[in-house]
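Worksheet: one structure, shown below.
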Amino acid sequence: MNRDETFKAPRRQVEDFTFGQETARVFDDMLDRSVPFYAEIQRMIGELATDFATPGSHVYDLGCSTGTTLLHLDRTVPADVTLIGLDSSEDMLEQARHKLQAAGLDHPHQLLCQNLEQPFALSQASVVIMNLTLQFVRPLYRDQLIQAIAQGTQPGG
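If you use this note's numbering, the sequence shown corresponds to residues 1347 to 1503, in order.
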């Protein structure tokens, strides 16, 4: 894991935070150090997903970043569940591809570049995860996102 020193050096001007290559490279360390109980959150997501993931369904991670949640799901959900990670940052998805390949992810899976503020459809979802993601979706687009999730989620999901 690369050490996050993104904001170590003083800056003359503060820029908007981005999920580009520099951030993607150190994102795992950034989260581990800045989100209290992040590992426990991941453990609980896997445990909760197991209660709802149904065989043959899709489990979505919206805002999957580097794929950490997908790795936890790989250990907990039924073997014939397809894991689908969406993120708006191709740099994050590239990190996820490397991480999932290195870990030997067992489940069928897809990683898709998708801006959550743009329309998209989910299908056969038994579980949809948005861990620390919704706050990055502008309020103007949150209702349509929640509606898309509701429409694409199976009864009981």
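Heads up, the beta-carbon is just placed ideally off N, CA and C, and yes, glycines get one too.
Remember, predicted model here, so these are calculated numbers, not experimental data.
First and last residue of the uninterrupted alpha helix (DSSP H) at residue i
i       : result
Thr1414 : Thr1414 to Asp1420
Leu1429 : Leu1429 -> not in any alpha helix (DSSP H); beta strand (DSSP E) instead, spanning Thr1428 to Asp1433.
Residue i versus the options, residue with shortest Cα-Cα distance
i       : options                               : result
Ile1475 : Leu1429, Pro1424, Arg1421 and Ala1385 : Leu1429
Arg1484 : Glu1463, Leu1468, Gln1500 and Thr1499 : Glu1463
Gln1470 : Met1438, Asp1433 and Gly1503          : Gly1503
Ser1411 : Arg1443, Val1423 and Glu1386          : Arg1443
Pro1424 : Lys1445, Leu1439 and Asp1397          : Asp1397
Leu1431 : Thr1414, Thr1499, Leu1457 and Thr1479 : Inspection of the sequence shows that residue 1431 is occupied by Gly rather than by Leu. Ranking Thr1414, Thr1499, Leu1457 and Thr1479 by Cα distance to Gly1431 puts Leu1457 first.
Leu1439 : Thr1415, Tyr1487, Phe1383 and Leu1419 : Thr1415
Inter-residue spacing [alpha-carbon to alpha-carbon] between residue i and residue j
i       : j       : result
Ala1494 : Leu1408 : 12 Å
Cys1459 : Phe1466 : 11 Å
Gln1441 : Ala1399 : 25 Å
Ser1435 : Phe1482 : 13 Å
Pro1401 : Asp1437 : 31 Å
Pro1501 : Glu1393 : 20 Å
Exposure of residue i, with buried meaning 16 or more beta-carbon neighbours within 10 Å
i       : result
Asp1426 : exposed
Ala1496 : exposed
Met1390 : exposed
Asn1477 : buried
Asp1489 : exposed
Beta-carbon spacing of residue i, residue j below 8 Å
i       : j       : result
Val1405 : Val1473 : yes
Leu1417 : Ala1449 : yes
Segment limits, beta strand (DSSP E) that includes residue i
i       : result
Asp1407 : His1404 to Leu1408
Heavy atom of the ligand FMN within 7 Å of residue i beta-carbon
i       : result
Asp1489 : In terms of ligand content, the structure shown is empty, and the ligand FMN therefore cannot be addressed.
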